[in-house]
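Enquirer: What follows is a structure written as C-alpha cells; I'll ask about it next.
There are 2 protein chains.
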Amino acid sequence: MSIAVSPLGPKTFQDPEPVAGVRLAVAQAGIKYKGRTDLLVAVFDPGTTVAGVFTRSKCPSAPVDWCRQALGGGSARALVVNSGNANAFTGMKGRETVTVTAGAAAKAVGCKPAEVFLASTGVIGEPLPPAKFTAVLDTVVADAGSARPMDAARAIMTTDTFPKVLSRTVRLGGVEVTITGIAKGAGMIAPDMATMLSFIFTDAPVAANVLQGLLSRGVTGSFNAITVDSDTSTSDTVLVFATGAAEKRGAPRIAETGDRRLAAFRKALFALLLDLSHQVVRDGEGARKFVSIAVTGAASAPSARRIALSIANSPLVKTAIAGEDANWGRVVMAVGKAGEPADRDRLAIRFGDILVAENGERVEGYSEEAASAYMRGENIEIGVDLGLGRGKAQVWTCDLTKEYVAINGDYRS
Amino acid sequence: MSIAVSPLGPKTFQDPEPVAGVRLAVAQAGIKYKGRTDLLVAVFDPGTTVAGVFTRSKCPSAPVDWCRQALGGGSARALVVNSGNANAFTGMKGRETVTVTAGAAAKAVGCKPAEVFLASTGVIGEPLPPAKFTAVLDTVVADAGSARPMDAARAIMTTDTFPKVLSRTVRLGGVEVTITGIAKGAGMIAPDMATMLSFIFTDAPVAANVLQGLLSRGVTGSFNAITVDSDTSTSDTVLVFATGAAEKRGAPRIAETGDRRLAAFRKALFALLLDLSHQVVRDGEGARKFVSIAVTGAASAPSARRIALSIANSPLVKTAIAGEDANWGRVVMAVGKAGEPADRDRLAIRFGDILVAENGERVEGYSEEAASAYMRGENIEIGVDLGLGRGKAQVWTCDLTKEYVAINGDYRS
Chain A
172 MSIAVSPLGP KTFQDPEPVA GVRLAVAQAG IKYKGRTDLL VAVFDPGTTV AGVFTRSKCP
232 SAPVDWCRQA LGGGSARALV VNSGNANAFT GMKGRETVTV TAGAAAKAVG CKPAEVFLAS
292 TGVIGEPLPP AKFTAVLDTV VADAGSARPM DAARAIMTTD TFPKVLSRTV RLGGVEVTIT
352 GIAKGAGMIA PDMATMLSFI FTDAPVAANV LQGLLSRGVT GSFNAITVDS DTSTSDTVLV
412 FATGAAEKRG APRIAETGDR RLAAFRKALF ALLLDLSHQV VRDGEGARKF VSIAVTGAAS
472 APSARRIALS IANSPLVKTA IAGEDANWGR VVMAVGKAGE PADRDRLAIR FGDILVAENG
532 ERVEGYSEEA ASAYMRGENI EIGVDLGLGR GKAQVWTCDL TKEYVAINGD YRS
Chain B
172 MSIAVSPLGP KTFQDPEPVA GVRLAVAQAG IKYKGRTDLL VAVFDPGTTV AGVFTRSKCP
232 SAPVDWCRQA LGGGSARALV VNSGNANAFT GMKGRETVTV TAGAAAKAVG CKPAEVFLAS
292 TGVIGEPLPP AKFTAVLDTV VADAGSARPM DAARAIMTTD TFPKVLSRTV RLGGVEVTIT
352 GIAKGAGMIA PDMATMLSFI FTDAPVAANV LQGLLSRGVT GSFNAITVDS DTSTSDTVLV
412 FATGAAEKRG APRIAETGDR RLAAFRKALF ALLLDLSHQV VRDGEGARKF VSIAVTGAAS
472 APSARRIALS IANSPLVKTA IAGEDANWGR VVMAVGKAGE PADRDRLAIR FGDILVAENG
532 ERVEGYSEEA ASAYMRGENI EIGVDLGLGR GKAQVWTCDL TKEYVAINGD YRS
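Chain order of the listed sequences is A and B.
Position in the first sequence counted from 1, then plus 171, gives you the numbering used here.
Position in the second sequence counted from 1, then plus 171, gives you the numbering used here.
Below, the structure written as C-alpha cells:
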C-alpha cells in the first residue's frame, strides 16, 4: 500500500494560530497506532455554542448517537476525538464507552457531560475500552493550549495522506473574527477506517440555533456534495464551535438567522466548508484526478443533484477518467440510470470547454484529440445539460484507479 | 488487457441443437471487429409469440425503443442482433437505422417490420449505418438454419470471455419441449461496449401475454437481481420467442397464465434465466469471486432487495472480497447507507455458515482464521438478517479487482 502524499494534495501547508477561546491538546493514547498521536482534545471557554451534522447511515456509531443527543443543549465545553477505532457496531459496550468518556472529560474540564462532544474514526466492530480515554484525559485536559490546529489535524488522520486544515478571517460587525477548520477522510470508509470528520472553530459570537442553520445550509453544497466511492460511513460528523471570544473585542453577538451582519461570515464559512470538503476528495483513496460535475437544465435541483451523483458514483465513468478517456457514452449511461427525468435527444455533454455531444448525438467536428488532451489534466470538469428545466447542481469526486482497489483490497491478502 | 477466460467460467460447454421452429444464421458484417462473426439472425416459423423486458435507463438505445413498440403485436418472425456498435445515443440516425434494418429483414423473411426484433451491443454514440445490415441481410436470411446456438452466442459477444448458452427440456402436457437460451454481458457496460443481452427460444406453444407474464416474473429473481458494477446499460434486452412447433407433436397451446400445465415449464424457464444471469456475473469484468447476498428479516421484500443491492454495489464490500477479507464492518456500512429500516443492534451477519456478528456486535469466540479460510474460496455467500420483519431477497455479484479498473480504464491510456 502506498503511503505517499496524494498527487492532488496541497503544495504548501498553512499552520494557523488556535482560535481564541479554544485550547487544543493532542496525545498518544495507543488506541491502535504506535509512535503517533491518536487523541485530540479541545477545551472551549464557557459560553461556546455548537452546531452539528451527521451521517445519514441507519447504523450510526455510538459517538454519533451521543453527539445527536448532546446537540440539544446547544452548549459545548469539550471535544474528544480519537483515531484508530470508530466505536461503531460495538453494541452496549460502545454506549458504555461514550458515557464513561464524556463523564471523565466533563470532570476534568469542569462541565456537564452533555457539553462534551465525541467522535471516533478507525476500525468498525472492535470494542474500544473506555480506559484508553480515562487513563490520559486528566493529563491531556491539563495540557490544553499546547497544540496547534495542524497538530489536531494530524491526530485525527487515518489513511489520509495529508492533514487538512484551513483558516480564514472575516469581519463581523466591523470586528475581525477567525474561522479555522480541520478535517479527515480519504475513502468514505478507508481500510477498516470509518469516516469523514470535520471540526470548525470560530471566535465569533453566534447563537447555537443560528450556527446550526448556517451549518445545515453550508454542508449541502460542500460536505454533502462530495463522494469518493459512494460508500457512506457510520461516523461522518461535522461540528462547528463558536466560542464568542471576539465579543470582548467588540464583535456583535448574533442571535437571529436573518441578521444582515452575518453575510460576510456566512460566505467565509461556506467557502471554508467547500475547501475542506475538496481537500477530502483530493485525498480520495488512489485519486489522481479531481473531478467536478455540473448538471444544468434538469427538471429540478434535487433531480440535478441525483443525476450529478449518479455520474460521480459510476465506476465506469470514474475508471474512464482514470484512463484519461473522454468517454461521454458512459456519462449518457449514468444519466440514464439515475431514474430522473431525461430526454436522450436533448442531452448536451461537455468536458471542460469542449462540447462533445448535443441533441442526443456526438457534435459534428468533435475532436477526440482535443478531448484526450483535456483529459490528461489533473482537474476535470464534466458538464451535462438536460435541456428540460432550470434545476442545477454541482458535486465533486475523484477517479477510480487500481490504487483504490489495492488500498481497499490488498491490505490483508 | 487480459483476454483469458474468466476463472469463474464453466469448465465444459454444452452446444445444444437449435429449437424447432427457429433457424439461426451468423455472419461477419464487419461492423467493428475483424475476423469474427458480429451478426446474428434468427428466423422464426409463422405463429411465433414473443415477450420482452428492457433496460430501465431513461436514455435507451434505438433498438430498445423499436422492440418496446414492436412487442405490442406479440408476434415475431425474425431477430437481428449485432455486436460492435450499440446504436445508442445516435439520435435521428439511430432511429433511421433500426427502421431501415427492420424493413430489410421483413422483406427478406416475408413478414411485417413489426415482427422483426432488433438488438445492438457495442460502442455508444457512434453512428451505425444501415448499409452494414442491408448489404448482407438477404444472404444471411437465405442461410438461416446453418448456425447452432453456440455460434449465435459467439456472434453477440463483446468483452465476454466465454459464450453463454444453456438448454433444458421439460414436459408440457406430457410432451417434451425445449428451452434454449443465449446471453452476453460482462460489465453492465464493458469498454465502450454496452449491454446485457439474452435471447431465449422455445418450441412450446405459449400465447404472447402468458409468455410476457412468465418473463416479467422470471427476471425479478434472475436478470434483475444481478449486478457487476451498479452501472445500467442503455441497451439491456431479454427476449423470449415461443415458436409453438411442439404443438405438432401434441403439446397443448397455453393461452391462460393460470394454466396448471405450465408449472414445470415455468420452473424450467426460471431456472434457465437464473443460470444464464449467473453466467453473466461469472464473466463480470475482472471477477475472481462469485458472490451471493441473501438478506432476511427486513421490513419488506422491496426493502430487503434494496439492502442486498446496496451491499452488492458497495465498492468497499467488493474490494474486501477481492482481498479475501471477511470485512463485516463494511457490510454494516452498506446496510446503513441503504436508507432502509435497520436497527444496528438487531443485525446479524454471516459469511457462509460462519456467524460473524449478532445483536449489533461481533460474536464471542469469532474466529478470524476460519472466516479468512472461507473467504479464500471461489463462491462467497453473505447472509444478513435485519431482525425486523419477514422481507427477504437474494442478489448476485462479483468482487471488484484491479483487473476491473484495468479493463475499464487502461484501454486507451
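Ideal Cβ placement from N, Cα and C applies to all residues, glycine included.
Taking the C-alpha atoms as reference points, what is the distance between VAL252 (chain B) and GLY274 (chain B)?
Expert: Within the second sequence, the letter at position 81 stands for residue 252 (chain B). Within the second sequence, the letter at position 103 stands for residue 274 (chain B). Using only the alpha carbons, I get a separation of about 15 Å.
Enquirer: In whole angstroms, what separates the C-alpha of ASP236 (chain B) from that of THR261 (chain B)?
Expert: Taking the first residue of the second sequence as 1, we reach residue 236 (chain B) at position 65. Taking the first residue of the second sequence as 1, we reach residue 261 (chain B) at position 90. C-alpha separation (whole angstroms): 12 Å.
Enquirer: How many angstroms separate the CA atom of ILE525 (chain A) from the CA atom of ALA191 (chain B)?
Expert: Within the first sequence, the letter at position 354 stands for residue 525 (chain A). Within the second sequence, the letter at position 20 stands for residue 191 (chain B). So the alpha carbons of these two residues sit roughly 53 Å apart.
Enquirer: Please decide whether ASP331 (chain A) counts as near chain B, where near means a Cβ-Cβ distance under 9 Å.
Expert: In the first sequence, the residue the question calls residue 331 (chain A) occupies position 160. For ASP331 (chain A), the answer is no, since every Cβ of chain B falls outside 9 Å of its Cβ.
Enquirer: Along chain B, in chain order, which residues have C-beta atoms closer than 9 Å to that of TRP499 (chain A)?
Expert: Numbered from 1 along the first sequence, position 328 holds the residue referred to as residue 499 (chain A). Those within 9 Å of TRP499 (chain A) in chain B are PHE260, ILE295, GLY296.
Enquirer: What are the start and end residues of each continuous beta strand (DSSP E) run of 3 or more residues lying completely inside the segment 181 to 230 of chain B, in chain order?
Expert: Correct list: 193 to 198, 210 to 215, 220 to 225.
Enquirer: Between the segment 410 to 420 of chain B and the segment 454 to 467 of chain B, do three or more beta carbon pairs fall short of 8 Å?
Expert: Output reads no: the segment 454 to 467 of chain B does not touch the segment 410 to 420 of chain B.
Enquirer: Using 9 Å as the limit for Cβ to Cβ distance, is ASN550 (chain A) near chain B?
Expert: Your numbering for residue 550 (chain A) matches position 379 in the first sequence. It does not: the Cβ of ASN550 (chain A) has no partner Cβ on chain B nearer than 9 Å.
Enquirer: For a contact meaning CB atoms closer than 9 Å, what does GLU532 (chain B) contact in chain A?
Expert: Looking up residue 532 (chain B) in the second sequence gives position 361. Per Cβ cutoff of 9 Å: PHE260, THR261, GLY262, MET263, LYS264, GLY265, GLY296, PRO298.
Enquirer: Within 9 Å (strictly less), CB to CB, does TYR204 (chain B) reach chain A?
Expert: The residue given as residue 204 (chain B) occupies position 33 in the second sequence. For TYR204 (chain B), the answer is no, since every Cβ of chain A falls outside 9 Å of its Cβ.
Enquirer: In this structure, how does DSSP classify ASN550 (chain B) when only helix, strand and coil are distinguished?
Expert: Counting from 1 along the second sequence, the entry for residue 550 (chain B) is found at position 379. Three-state DSSP puts ASN550 (chain B) in a strand.
Enquirer: Using only the alpha-carbon positions, how far apart do ARG257 (chain B) and LEU385 (chain B) sit?
Expert: In the second sequence, residue 257 (chain B) corresponds to position 86, counting from 1. In the second sequence, residue 385 (chain B) corresponds to position 214, counting from 1. The sequence shown places Ala at residue 257 (chain B), not Arg. Roughly 27 Å between the two C-alpha positions.
Enquirer: Are the C-beta atoms of ASN484 (chain A) and some chain B residue less than 9 Å apart?
Expert: For the purposes of this step, residue 484 (chain A) is taken as the residue at position 313 of the first sequence. Cβ-Cβ to chain B under 9 Å: yes for ASN484 (chain A).
Enquirer: Specify, as a first and last residue, the run of the alpha helix (DSSP H) that LEU282 (chain A) falls within.
Expert: Against the first sequence, residue 282 (chain A) aligns to sequence position 111. Reading off the sequence, residue 282 (chain A) comes out as Cys, not Leu. Looking at the DSSP string, CYS282 (chain A) is not in any alpha helix (DSSP H), and its letter there is neither H nor E.
Enquirer: Excluding sequence positions up to five away, which residues of its chain have a Cβ less than 8 Å from the Cβ of ALA324 (chain A)?
Expert: The count along the first sequence starts at 1 and reaches residue 324 (chain A) at position 153. Result list for ALA324 (chain A): PRO334, LYS335, VAL336, ILE353, ALA354, LYS355, in chain order.
Enquirer: Between LEU571 (chain B) and the rest of its own chain, which residues show a CB-CB distance below 7 Å, the 5 nearest in sequence each way excluded?
Expert: The residue you call residue 571 (chain B) lines up with position 400 of the second sequence. So the qualifying residues of the chain are PRO486, LYS489, THR490, ALA493.
Enquirer: DSSP three-state label for GLY421 (chain A), please.
Expert: Residue 421 (chain A) sits at position 250 when you count from the first residue of the first sequence. Reduced to three states, the DSSP call for GLY421 (chain A) is coil.
Enquirer: Considering only residues of the segment 235 to 322 of chain A, which uninterrupted beta strand (DSSP E) runs meet the minimum length of 3 residues and lie entirely inside it, listed in chain order?
Expert: 249 to 256, 287 to 294, all fully within the segment 235 to 322 of chain A.
Enquirer: Among B:VAL452, B:ALA505, B:ALA279, B:VAL534, which has the Cα closest to the Cα of THR366 (chain B)?
Expert: The residue labelled residue 366 (chain B) in the question sits at position 195 within the second sequence. Nearest of B:VAL452, B:ALA505, B:ALA279, B:VAL534 to THR366 (chain B), Cα basis: B:VAL452.
Enquirer: Could you check whether the segment 185 to 202 of chain B touches the segment 309 to 327 of chain B, counting it as contact only if at least three pairs of C-beta atoms, one from each stretch, sit closer than 8 Å?
Expert: The answer is yes - the segment 309 to 327 of chain B touches the segment 185 to 202 of chain B, with three or more Cβ pairs under 8 Å.
Enquirer: Could you check if PRO234 (chain A) is buried or exposed, using at least 16 other CB atoms within 10 Å of its CB as the buried criterion?
Expert: Reading the first sequence from its first residue, position 63 is the one you call residue 234 (chain A). Result: buried.
Enquirer: Starting from LYS335 (chain A), follow its DSSP beta bridges and name the residues at the other end.
Expert: Position 164 of the first sequence, counting from 1, holds the residue named residue 335 (chain A). BP columns for LYS335 (chain A) point to A:ALA354.
Enquirer: For a contact defined as C-beta to C-beta under 7 Å, what are the partners of ARG515 (chain B) on chain A?
Expert: Here residue 515 (chain B) is taken as the residue at index 344 of the second sequence, counted from 1. By Cβ distance, chain A contributes CYS230, PHE260.
Enquirer: Which runs of the alpha helix (DSSP H) at least 4 residues long sit entirely within the segment 447 to 532 of chain A? Give them in chain order.
Expert: Listed in chain order, they are 472 to 483, 486 to 493, 499 to 508.
Enquirer: In whole angstroms, what is the alpha-carbon distance linking THR183 (chain A) and LEU211 (chain B)?
Expert: Taking the first sequence and counting its residues from 1, one reaches residue 183 (chain A) at position 12. Taking the second sequence and counting its residues from 1, one reaches residue 211 (chain B) at position 40. Answer to the nearest angstrom: the Cα atoms are 60 Å apart.
Enquirer: Strictly below 7 Å CB to CB, what residues from chain B border ASP400 (chain A)?
Expert: On the first sequence, position 229 is the one that residue 400 (chain A) refers to. Under the 7 Å cutoff, chain B gives PRO486, LEU487.
Enquirer: List the residues of chain B whose Cβ lies closer than 9 Å to the Cβ of GLU586 (chain A), in chain order.
Expert: The shown model of chain A, from 172 to 584, leaves out residue 586 (chain A), and the question about it has no answer.
Enquirer: Can you tell me whether ARG342 (chain B) is helix, strand or coil according to DSSP?
Expert: Residue 342 (chain B) sits at position 171 when you count from the first residue of the second sequence. DSSP places ARG342 (chain B) in strand when its eight states are reduced to three.
Enquirer: Just checking: is the beta-carbon of ARG476 (chain A) within a distance shorter than 9 Å of some beta-carbon in chain B?
Expert: Within the first sequence, the letter at position 305 stands for residue 476 (chain A). Chain B, which has no Cβ nearer than 9 Å to the Cβ of ARG476 (chain A), makes this no.
Enquirer: Using a C-beta to C-beta distance shorter than 8 Å, which residues of chain A count as neighbours of ASN579 (chain B)?
Expert: Here residue 579 (chain B) refers to the residue found at position 408 of the second sequence. Going along chain A in sequence order, the residues near ASN579 (chain B) (Cβ under 8 Å) are PRO486, LEU487, THR490, ALA491, GLY494.
Enquirer: Tell me the DSSP secondary structure of VAL576 (chain A) in three-state form.
Expert: Here residue 576 (chain A) corresponds to residue number 405 of the first sequence, with the count starting at 1. Of the three classes helix, strand and coil, the one that applies to VAL576 (chain A) here is helix, per DSSP.
Enquirer: Does chain B have any CB closer than 9 Å to the CB of ARG227 (chain A)?
Expert: Residue mapping note: residue 227 (chain A) aligns to position 56 of the first sequence, counting from 1. Interface residue, yes.
Enquirer: If the cut is a Cβ gap below 8 Å, which residues of chain A does THR405 (chain B) touch?
Expert: By one-based count along the second sequence, residue 405 (chain B) stands at place 234. Near THR405 (chain B) (Cβ distances below 8 Å), the residues of chain A are VAL503, MET504, GLY507.
Enquirer: Could you spell out the range, first to last residue, of the alpha helix (DSSP H) harbouring ALA379 (chain B)?
Expert: The residue labelled residue 379 (chain B) in the question sits at position 208 within the second sequence. From DSSP, the alpha helix (DSSP H) with ALA379 (chain B) extends over 379 to 391.
Enquirer: Classify ARG431 (chain A) as buried or exposed, calling it buried when 16 or more other Cβ atoms lie within 10 Å of its own Cβ.
Expert: As a first step, residue 431 (chain A) must be located in the first sequence, where it is residue number 260. It is exposed - the Cβ of ARG431 (chain A) has fewer than 16 other Cβ atoms within 10 Å.
Enquirer: Which residue's Cα is closest to the Cα of ARG339 (chain A): A:GLY345, A:LEU308, A:THR373, A:MET328?
Expert: Position 168 of the first sequence, counting from 1, holds the residue named residue 339 (chain A). Minimum Cα distance to ARG339 (chain A) is reached at A:THR373.
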